[in-house]
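The next block holds one structure in the form of structure tokens; read it before the comments.
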Amino acid sequence: MASPRLRSRRKKRRKDNPVSETAGLPPGEMVHVGEKRTAPVHISLFSYNEQELVEAEELSPEDLERYRNPKHLAWINVDGVHDTEFVRSLGNRFALHPLVLEDIVNTQERPKYENYGDFLYFVLNMGDISDKGELGMEQVSIVLGNDYILSFQEDPDDIFNPIRKRLRKEGSRVRKASPDFLAYLLLDAVVDRYFLILEHLGEQIDDLEEELMEHPEKSTLKKIYDLKRDLSKVRRSVWPMREIVGAMQRDTSDLMKEEHDVFLKDFYDHILRVIDTVEAYRDTMGGMIDLYLSNSSIKMNEIMQVLTVISTIFIPLTFITGFYGMNFDFMPEVHSRWSYPAVIGIMALIVIAQLIYFKRKRWL
Amino acid sequence: MASPRLRSRRKKRRKDNPVSETAGLPPGEMVHVGEKRTAPVHISLFSYNEQELVEAEELSPEDLERYRNPKHLAWINVDGVHDTEFVRSLGNRFALHPLVLEDIVNTQERPKYENYGDFLYFVLNMGDISDKGELGMEQVSIVLGNDYILSFQEDPDDIFNPIRKRLRKEGSRVRKASPDFLAYLLLDAVVDRYFLILEHLGEQIDDLEEELMEHPEKSTLKKIYDLKRDLSKVRRSVWPMREIVGAMQRDTSDLMKEEHDVFLKDFYDHILRVIDTVEAYRDTMGGMIDLYLSNSSIKMNEIMQVLTVISTIFIPLTFITGFYGMNFDFMPEVHSRWSYPAVIGIMALIVIAQLIYFKRKRWL
Amino acid sequence: MASPRLRSRRKKRRKDNPVSETAGLPPGEMVHVGEKRTAPVHISLFSYNEQELVEAEELSPEDLERYRNPKHLAWINVDGVHDTEFVRSLGNRFALHPLVLEDIVNTQERPKYENYGDFLYFVLNMGDISDKGELGMEQVSIVLGNDYILSFQEDPDDIFNPIRKRLRKEGSRVRKASPDFLAYLLLDAVVDRYFLILEHLGEQIDDLEEELMEHPEKSTLKKIYDLKRDLSKVRRSVWPMREIVGAMQRDTSDLMKEEHDVFLKDFYDHILRVIDTVEAYRDTMGGMIDLYLSNSSIKMNEIMQVLTVISTIFIPLTFITGFYGMNFDFMPEVHSRWSYPAVIGIMALIVIAQLIYFKRKRWL
Amino acid sequence: MASPRLRSRRKKRRKDNPVSETAGLPPGEMVHVGEKRTAPVHISLFSYNEQELVEAEELSPEDLERYRNPKHLAWINVDGVHDTEFVRSLGNRFALHPLVLEDIVNTQERPKYENYGDFLYFVLNMGDISDKGELGMEQVSIVLGNDYILSFQEDPDDIFNPIRKRLRKEGSRVRKASPDFLAYLLLDAVVDRYFLILEHLGEQIDDLEEELMEHPEKSTLKKIYDLKRDLSKVRRSVWPMREIVGAMQRDTSDLMKEEHDVFLKDFYDHILRVIDTVEAYRDTMGGMIDLYLSNSSIKMNEIMQVLTVISTIFIPLTFITGFYGMNFDFMPEVHSRWSYPAVIGIMALIVIAQLIYFKRKRWL
Amino acid sequence: MASPRLRSRRKKRRKDNPVSETAGLPPGEMVHVGEKRTAPVHISLFSYNEQELVEAEELSPEDLERYRNPKHLAWINVDGVHDTEFVRSLGNRFALHPLVLEDIVNTQERPKYENYGDFLYFVLNMGDISDKGELGMEQVSIVLGNDYILSFQEDPDDIFNPIRKRLRKEGSRVRKASPDFLAYLLLDAVVDRYFLILEHLGEQIDDLEEELMEHPEKSTLKKIYDLKRDLSKVRRSVWPMREIVGAMQRDTSDLMKEEHDVFLKDFYDHILRVIDTVEAYRDTMGGMIDLYLSNSSIKMNEIMQVLTVISTIFIPLTFITGFYGMNFDFMPEVHSRWSYPAVIGIMALIVIAQLIYFKRKRWL
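One line per chain: the protein sequences are A, B, C, D and E, in this order.
In the numbering used here, each number is its position in the first sequence, counted from 1, plus 43.
In the numbering used here, each number is its position in the second sequence, counted from 1, plus 43.
In the numbering used here, each number is its position in the third sequence, counted from 1, plus 43.
In the numbering used here, each number is its position in the fourth sequence, counted from 1, plus 43.
In the numbering used here, each number is its position in the fifth sequence, counted from 1, plus 43.
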């Protein structure tokens with residue numbers, strides 16, 4: 044029977060690879076895939092230009108109408124995409140393509156970038172370390188339009204708070220710039236989150252390495268295996284981001300201003316650094332597994348040596364004692380006065396000869 | 044002698060890699076390759092435009108003549124390609140190239156896309172889990188012409204039923220769109236089938252992982268090996284589909300409308316997701332094999348330790364008992380009153396010394 | 044000393060990799076490399092157009108003059124390239140470049156395609172299973188000119204017979220088409236031969252897999268090793284053919300008619316299928332080696348367990364028997380009536396305790 | 044508990060992969076990342092043209108104003124980038140982009156090359172062997188402007204001294220050339236440093252190989268593991284430099300004179316040579332690990348053989364002696380005069396038979 | 044302490060990877076790197092055109108002046124590049140770039156091709172098997188000018204003798220052709236040398252394989268390891284030559300006549316054949332290591348089986364003998380007449396039961 048831990052892992056995998064739930068549906072059909080959440084959907088709005096800023100929270104799609112201001116840029120952040128009706132209603136207001144809406148609520152998408160002409164669509168995976176130290180993945184969708192930005196997260200999160208703070212500061216660059224600059228800030232915030240995760244994993248690697256050197260246990264290998272899995276997860280989430288940047292560079296959308304190209308490069312550098320670190324960690328872990336197995340086989344050798352030395356020393360001696368323990372009537376030696384010391388001497392010689400042999404073989 | 048299971052596997056492999064049956068034949072020669080089927084060939088027709096829809100089943104190639112309507116689009120689905128005469132007769136009606144007919148009936152083709160000018164030709168592999176849980180592969184050929192679509196399957200299957208349902212719904216997009224949209228729906232249905240297969244394999248992986256952690260058996264390794272084989276099969280079927288999309292994107296056929304490009308991208312995304320999942324599973328399985336072997340070598344070490352500890356403790360003691368079991372007439376110690384307790388004391392000392400040594404070596 | 048089998052393998056390798064025999068010679072120097080053959084060279088001619096066909100065999104280069112007909116296409120097939128004079132004489136009649144002549148007789152060339160303007164030159168490796176089941180490689184050179192085709196094989200072979208049959212059939216496509224169509228048939232015949240070889244290897248893999256599951260022997264591993272070698276040989280011969288097709292596609296020679304492009308694609312598909320099958324087999328064999336080694340280490344574990352269980356059960360018991368076999372005068376227990384049953388009881392307790400321990404450890 | 048060595052390694056890793064310290068900050072925010080240094084920042088200036096040279100040390104950013112000479116080229120070298128205010132003040136004087144300033148002080152950047160129009164920006168990693176033989180990495184930033192070069196190091200170092208010497212020599216090429224030539228010298232000095240590091244690592248590999256062949260210890264494996272880590276570090280630092288050269292070659296900045304292209308090629312050759320050597324070392328180390336493990340398993344086999352030979356020879360003999368040590372009243376043999384020599388004879392026969400068996404099995 | 048063999052290998056490695064000796068020097072500084080040679084430098088000249096040929100040996104750079112003939116092509120071959128003054132003096136006469144001179148004397152360069160406009164520069168590595176069977180590498184530099192060719196070797200060698208012979212033959216192609224044809228001959232001679240080396244290595248592989256199958260020793264593994272090293276060396280020398288051909292093909296120098304393109308292709312084919320052979324050998328050696336290790340683990344299993352069978356048969360029997368060797372006063376069985384044959388019967392039963400068990404387990 045499955046242990047509770049395993050059952051929870053199984054459920055988690057289902058969540059990670061929910062490959063079948065949308066199979067057979069027509070393209071553009073909106074189905075929320077992932078853990079069923081019951082929490083209400085949060086929606087917050089920043090409507091701003093260089094001079095003014097309006098903030099609003101807990102809006103309904105209908106409320107947005109009131110807040111939209113043709114002279115403002117609008118950033119609408121949605122926490123929770125399991126309410127497909129909500130997302131559809133919001134999406135229709137911004138004339139999003141049905142396939143985009145499908146991708147927003149189907150939280151198993153691959154990171155990607157798509158240019159729909161009127162707007163650009165980004166899907167990213169954002170890692171998160173839970174309180175129990177488990178690594179989870181959450182899908183973040185960003186839609187960049189001419190005068191608006193939509194961002195969708197699965198769970199309420201504080202990752203965009205620093206950006207909010209900067210928006211509130213009058214005169215900050217983000218208040219003056221076109222919406223793609225805000226998009227860069229959002230993208231960068233998602234990538235920067237990986238630095239925190241990698242630091243967390245790096246610490247676990249250090250602990251494991253210490254454990255490996257000082258007191259390897261049977262469970263050490265299991266931990267290495269689990270850590271490798273987490274690394275693979277990060278890797279699968281980050282590698283496709285490279286392609287995103289590549290696609291953005293080849294693409295020539297008016298929505299991305301040329302003046303912000305350096306931020307795209309900067310974003311790319313951060314992705315490369317995350318990838319480099321992940322690859323370096325994978326390398327390290329590969330080496331750790333080798334070291335673990337080698338240590339284990341070395342320990343085996345040591346054990347075998349002790350067994351062999353003890354056995355090969357005593358087995359012949361025990362034979363001799365058995366020999367003179369036989370009860371034959373006619374065994375002339377046993378009656379001789381010198382037999383006993385002679386046998387002891389022979390035994391000593393055997394031991395000495397073997398010790399020399401083992402010494403020469405470096406088994407001692 | 045081969046066990047029945049092995050014999051069946053052998054037959055299956057023949058089916059999977061029937062490399063020789065067409066060797067030496069001229070190109071364009073139609074030979075059905077694969078398991079010999081005797082079931083009659085089913086042919087069904089959807090002839091439709093935005094307003095009208097005609098359905099017909101169990102047709103012969105001759106019947107088609109009657110049903111073809113120049114104002115309609117026609118989707119002809121064929122279940123069973125082992126009747127080469129049937130396929131040739133059908134193909135000639137649509138002026139298909141002999142090489143296409145050869146590929147349709149030779150069900151061992153690699154997934155591919157070919158532009159023959161008047162029509163586009165797709166070969167896909169469709170996976171299927173049999174009732175016994177075995178993974179099979181079936182070839183699906185799709186021919187997209189100006190006003191018709193032909194689809195060929197090896198076995199009758201319900202995979203296209205949701206598409207049929209949508210065709211019957213008046214006003215649905217597929218009724219209004221050009222035939223390439225229907226082709227996208229067919230292609231997507233084939234790829235989506237892989238999500239079901241991967242979920243099935245994912246569950247097997249979970250079970251295996253549980254088995255590996257809780258009670259690894261000798262058969263566990265065999266199961267991992269078989270599962271890896273299934274994954275390889277899926278992989279070989281899905282990877283070439285990437286090339287198909289690439290070829291379609293480079294190609295500029297009037298038969299693929301530009302307005303449906305987003306569906307091509309969507310199709311591509313699904314393929315990538317299948318590939319990502321397959322690669323992730325392969326990674327996981329690689330780790331499982333390592334873990335299995337490591338656990339097995341760790342268990343070996345444990346066993347060796349117990350053997351060594353028991354042997355090295357008792358071997359010297361047994362030597363001592365043998366020593367005083369010798370029957371020499373002249374053994375002064377045996378007559379002393381204190382010899383017996385002295386020997387017991389020495390034995391106790393030896394045991395204690397060894398226990399300390401093993402403790403220090405962490406063998407206990 | 045080398046066993047005869049090894050000596051023969053060594054000779055074979057020389058043949059496979061005769062790397063040095065042409066070193067230091069000027070480019071264009073014709074030296075036959077390979078097993079020295081003494082059989083006479085066979086030369087056969089098909090001179091044909093749509094209406095007429097002339098066949099001739101056992102010709103000398105001089106005879107060709109008589110048979111050449113400016114209104115005919117000529118296919119000259121040469122079995123045996125060890126007679127360098129013969130090849131040179133023939134080559135000069137068709138104004139072949141000295142480097143081509145060198146490559147024809149040097150049967151160690153890599154598969155390649157070269158456009159010499161007036162003619163195209165193909166080198167292929169053709170696999171063959173000998174009567175003893177050994178895989179050999181033979182070089183096939185094909186020269187495609189404006190109105191002639193030359194084909195060179197090392198040994199007489201029946202691989203081109205189906206093509207000959209079709210040539211003899213009046214009205215067949217090959218009789219009407221330009222010579223590049225015949226070239227495609229020849230190329231395809233060489234590639235199709237690999238399907239036969241792969242089927243042979245696939246059967247051996249099946250047998251080996253059965254042997255591995257049912258009764259692995261020490262020799263099983265050697266067989267896997269030999270089979271992997273054969274697969275590598277096929278792989279090295281087939282991979283460069285991909286490049287050949289690539290070069291043909293990039294090249295724009297008038298000698299290859301555009302109307303035959305579909306046959307080039309078909310040829311390419313066959314190559315890809317051979318490669319796919321080879322890679323799948325290699326994958327399978329890699330898994331088999333892993334399985335073999337794992338099984339072997341699992342068997343080792345089992346053996347160790349039995350040894351450990353038996354040893355650890357009896358070693359303490361034997362110590363006890365030895366203990367009461369000591370001959371000390373003063374051993375009070377031995378005179379007690381209850382000692383004997385008591386010792387037997389203690390022994391039984393030890394055995395039971397150990398059995399419980401082993402059960403818990405899953406060693407039984 | 045972590046040993047002091049491990050704790051120091053952990054701290055070092057933090058330094059190597061300080062992934063989180065800048066997460067969440069806006070792009071362009073200057074934060075020094077790395078070991079906190081307290082040493083004051085050193086700044087030195089070379090202002091020169093073909094005729095004149097002015098040297099100055101220990102300047103403040105304000106001092107630079109006085110020394111700048113529009114007819115001179117200026118090379119300003121900064122040792123220590125932890126004083127972010129200092130770097131900002133300097134950067135603003137040369138109108139550097141905020142992202143460049145961020146990269147200069149964030150010493151965890153990946154080697155890269157960026158063209159900012161008015162200036163080119165290079166980031167390199169410079170390896171260094173500490174007194175304790177540990178491999179460290181230091182970031183070197185180079186900014187190449189129209190009439191100035193800025194170079195930033197983390198620690199004072201003598202790596203640029205040979206260049207200083209050449210600058211002081213009137214008439215030397217560097218005095219006459221445009222500033223990109225000086226940039227090449229700086230870049231080359233950084234790459235050449237790797238030759239020293241590789242020589243150091245090569246010596247360690249030689250020592251390890253010797254240790255491996257002559258007297259492998261348990262610690263040998265750990266040393267191989269550590270050395271592989273160092274190699275990986277060098278590898279990660281050098282590989283991106285290839286991309287730098289590629290980017291420079293594709294780029295057409297007026298700041299890089301075409302006449303100096305040969306030096307770019309030369310620089311590239313040096314990078315390739317470093318990479319080749321690193322890869323060759325990695326190859327060697329992979330072979331060493333294999334050899335170590337194989338030797339270890341061979342040694343195990345040897346030990347097992349000795350144990351097996353000794354055990355299997357004596358176990359049956361000991362059984363025989365035990366047999367005739369039984370105390371049954373009715374054991375006719377023990378009273379016979381010939382039993383004793385007969386038993387000895389049988390024992391001798393058993394030993395001889397076993398020796399022959401072992402000899403045949405090559406276990407002796 | 045290092046054995047003499049190891050010390051010599053260490054010195055050899057220094058020679059192979061002398062990474063540091065030029066570090067820190069300005070580009071263009073000529074420093075001879077490599078084993079210090081004291082032998083005098085040999086220089087030989089062929090000055091020729093179609094009609095005339097002048098040969099001269101043991102020249103000094105000054106002598107060249109006298110021999111240069113504007114109507115002749117000149118081939119100057121230099122054996123020994125350790126005399127940097129000599130090389131500089133020669134180079135200046137032909138206006139070679141300082142970086143070229145640096146590369147000629149620094150004999151650790153990577154194979155490469157560089158177009159300096161007036162002349163083309165090639166660096167190749169030429170393998171050589173020493174009398175002791177050790178594989179060495181020597182750098183060959185070739186400079187191809189408008190009317191001259193310079194070739195530089197480290198040691199006097201007879202590799203170019205066949206070319207000299209052909210030069211002396213009036214009317215030979217090389218006498219009539221432009222100097223790039225001679226360059227092709229020189230390049231080809233260097234590559235062809237690798238065929239000899241590969242044949243040598245192939246023989247060693249055959250010997251090793253025979254040793255592996257017939258009587259594997261501990262030293263076999265070491266030999267495989269050394270052979271793999273040699274193969275890696277050849278590989279590192281030959282792979283960059285591919286890039287050379289690629290660079291030559293992309294390059295459009297007037298110094299390479301288009302009419303000689305077939306020879307470039309031929310040269311490329313030879314390189315590919317060397318690479319193919321090297322890769323095939325590497326494959327084979329990888330398989331050999333696997334086979335060695337598997338054989339070793341199989342042998343281990345066999346040994347364990349024998350030990351286990353012997354031990355488990357005799358350990359219980361020995362316990363029984365010990366049991367009835369106990370000296371208790373009250374052991375009723377020992378006085379019974381039937382005890383002795385009963386015990387013998389029980390022992391026989393135990394043995395038979397175990398033999399059946401082992402048989403079933405296939406351990407016998």
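Don't be surprised by glycine CBs; every beta carbon is placed ideally from N, CA and C.
Unbroken alpha helix (DSSP H) run spanning residue i, endpoints
| i | result |
| --- | --- |
| B/Met256 | 222-257 |
| A/Phe89 | It is not in any alpha helix (DSSP H) - A/Phe89 instead sits in the beta strand (DSSP E) that spans 85-91. |
| A/Ile202 | Unbroken run through A/Ile202: none, as it is neither H nor E. |
Opposing strand residues paired with residue i [DSSP bridges]
| i | result |
| --- | --- |
| D/Lys155 | D/Val166 |
| B/Tyr191 | B/Ala117 |
| A/Ser184 | A/Val166, A/Phe195 |
| B/Ile172 | B/Leu178 |
Whether residue i touches residue j by CB criterion (8 Å)
| i | j | result |
| --- | --- | --- |
| E/Ser194 | E/Val183 | yes |
| C/Met374 | B/Tyr383 | yes |
| C/Ile192 | C/Leu225 | yes |
| D/Ser296 | D/Leu139 | no |
Cutoff 8 Å: residue i Cβ touching any chain G Cβ
| i | result |
| --- | --- |
| B/Asp372 | This model lacks chain G altogether; the protein chains it does include are A, B, C, D and E. |
Boundaries of the beta strand (DSSP E) in which residue i is found, first to last residue
| i | result |
| --- | --- |
| E/Leu96 | 96-100 |
Spatial neighbours of residue i in its chain, beta-carbon cut-off 7 Å, leaving aside the 5 residues before and after
| i | result |
| --- | --- |
| C/Ser280 | Pro154, Asn168, Gly170, Met180 |
| E/Leu178 | Gly170, Ile172, Ile240, Asp273, Lys276 |
| C/Thr263 | Leu251, Glu254, Leu255, Tyr335 |
| E/Leu187 | Phe162, Leu163, Pro222, Asp223, Ala226, Leu298 |
Own chain partners of residue i with C-beta closer than 6 Å, once the 5 adjacent residues on each side are dropped
| i | result |
| --- | --- |
| D/Arg405 | none |
| C/Lys402 | none |
| B/Lys300 | Ser221, Asp223 |
Neighbourhood of residue i by C-beta distance below 8 Å, restricted to the same chain and skipping five residues each side
| i | result |
| --- | --- |
| C/Val394 | Ile356, Leu360 |
| D/Ala396 | none |
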